[in-house]
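Numbering (my numbering), first residue to last: 3 to 350. One structure is given here, and the rest of the page talks about it.
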Ligand code: A2P
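Spelled out as structure tokens, the structure:
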């Protein structure tokens with residue numbers, strides 16, 4: 003591939019933005035230059051990009067002139083404000099926030115599941131929620147084979163999902179507790195050190211959290227099947243990197259555990275790790291820094307006719323965010339889709 007693309011990362015100083023830069027460099031993404039953008043607070047600071055460092059510039063509406071591709075991970079409000087101007091400059095945006103995910107004009111893409119959805123993009127492409135990405139990568143081959151009717155998922159989500167401030171909160175609370183001090187609570191509503199919080203994002207009128215409802219709505223959009231019923235309980239746990247999920251599915255057709263294991267063994271992006279006799283199952287500490295979605299504890303649900311239980315773990319900052327965004331960009335390149343058809347579509 004020719005190194006002729008100008009690429010911007012908006013939110014380059016954050017947990018996901020830094021990982022985006024690292025994944026772009028690792029995978030030799032064909033960029034002739036890379037711009038690191040963040041708030042005015044960070045302008046002039048430096049972030050690593052492969053063996054080099056980039057000087058961070060302030061994100062403005064004019065940042066995208068001459069830029070071909072922008073990866074955004076700077077929060078929903080920043081994305082709502084700046085992504086339309088990026089698209090208006092002819093720059094294709096892959097946005098990691100929730101701002102555009104359920105917008106009918108924006109494809110919501112996991113390359114292993116629905117890469118064809120990119121064909122109709124209008125300049126802004128949404129990267130799904132971290133918990134949803136790893137779930138649909140594991141569910142897609144099972145859905146194709148047996149038709150998933152219902153999904154019941156409980157998540158165990160790492161603090162890096164909250165960005166740098168989540169990581170800092172767990173680190174400082176552990177240090178404070180080991181020093182006999184009261185932990186300072188800044189980021190989460192309660193202490194996260196040695197605790198579990200069944201509360202991610204805000205509570206909605208239906209008593210679910212927004213994180214839980216993201217899993218419900220995003221799954222049907224990505225799997226392109228509104229018939230899949232999903233219910234979720236999302237829990238923040240004191241883990242730095244790696245989301246784990248206990249997933250129960252009910253299928254139209256019977257699928258044995260052995261058949262499911264065989265399907266998952268050849269599924270793109272999946273690595274089966276399932277040998278309980280040898281105490282082998284996916285764990286967050288092993289998934290951290292890896293690209294795959296790890297699936298284990300595959301077993302039949304004996305309480306219903308056609309059901310399976312799975313344990314699914316992935317690095318939430320990598321496959322759950324930065325890697326998926328870069329894979330979308332690679333797919334855009336492969337399909338020759340790095341152009342904006344209707345530049346003014348999103349500008350109000
Ligand atoms: P900054 O470091 O200058 O605040 P995280 O999710 O790890 O908290 O990171 C959020 C990222 O989004 C950071 O790079 C942060 O930059 C960036 N960001 C937050 N608000 C804005 C804004 N209003 N304009 C540009 N970048 C922003």
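C-beta atoms are modelled at their ideal positions from N, C-alpha and C, and glycine is treated no differently.
Checklist line | heavy atom of ligand 1 below 7 Å from residue 189 C-beta | finding: Not under cutoff, so the answer is no.
Check: Does any heavy atom of ligand 1 sit closer than 7 Å to the C-beta of residue 18?
Finding: yes
Check: Looking at C-beta atoms only, is the number of pairs between the stretch 131-143 and the stretch 111-123 that lie closer than 8 Å three or more?
Finding: yes
Margin query: Which of the three DSSP states is assigned to residue 186 in this structure?
Written below: In the structure shown, residue 186 falls within a coil segment according to DSSP collapsed to helix, strand and coil.
Notebook entry, point to check: How is residue 339 classed by DSSP in three states: helix, strand or coil?
Noted result: coil
Check: residue 204 by DSSP, collapsed to three states: which one?
Finding: coil
Margin query: If you reduce the DSSP assignment to three classes, tell me which class residue 3 lands in.
Written below: Low confidence applies here, because residue 3 scores a pLDDT of 49, under 50, leaving its location unreliable; read the following figure in that light. DSSP places residue 3 in the coil class of the three-state scheme, outside both helix and strand.
Checklist line | Contact under 8 Å by Cβ, residue 66 with residue 87 | finding: yes
Item checked: Minimum C-alpha distance to residue 8 - residue among 319, 188, 37 and 252 -> 37
Next item on the list: With DSSP as the reference, label residue 180 as helix, strand or coil.
Entry: helix
Check: Per DSSP, what kind of secondary structure is residue 265 in: helix, strand or coil?
Finding: The answer is helix: DSSP assigns residue 265 an H, G or I state.
Item checked: Contact under 8 Å by Cβ, residue 246 with residue 158 -> yes
Checklist line | Own chain, CB closer than 8 Å to residue 193, minus 5 neighbours either side, in chain order | finding: 175, 185 and 187
Margin query: With a threshold of 8 Å on Cβ separation, who are the neighbours of residue 49 within its own chain once the five nearest residues in sequence on each side are excluded?
Written below: 14, 15, 19, 20, 23, 38, 55, 56 and 58
Notebook entry, point to check: For residue 8, does the three-state DSSP call read helix, strand or coil?
Noted result: Taken through DSSP and simplified to helix, strand or coil, residue 8 comes out as strand.
Margin query: Please state the DSSP three-state secondary structure of residue 50.
Written below: Residue state, collapsed to three classes: strand.
Check: In chain order, what residues of the same chain have a beta carbon less than 6 Å from the beta carbon of residue 153, not counting five sequence neighbours either side?
Finding: 232 and 251
Check: Going by the beta-carbon positions, is the gap between residue 89 and residue 135 smaller than 8 Å?
Finding: Residue 135 sits away from residue 89, with the two beta carbons spaced by 8 Å or more.
Notebook entry, point to check: Are the stretch 260-267 and the stretch 300-319 touching, with three or more C-beta to C-beta distances below 8 Å?
Noted result: yes
Item checked: DSSP beta-bridge partners of residue 175 -> In the DSSP output, where bridge partners are listed per residue, residue 175 has none listed.
Notebook entry, point to check: Hey, how far is the Cα of residue 150 from the Cα of residue 218?
Noted result: 14 Å
Checklist line | Min CB distance residue 158 to chain C below 8 Å | finding: The structure shown contains no chain C, having only a single protein chain.
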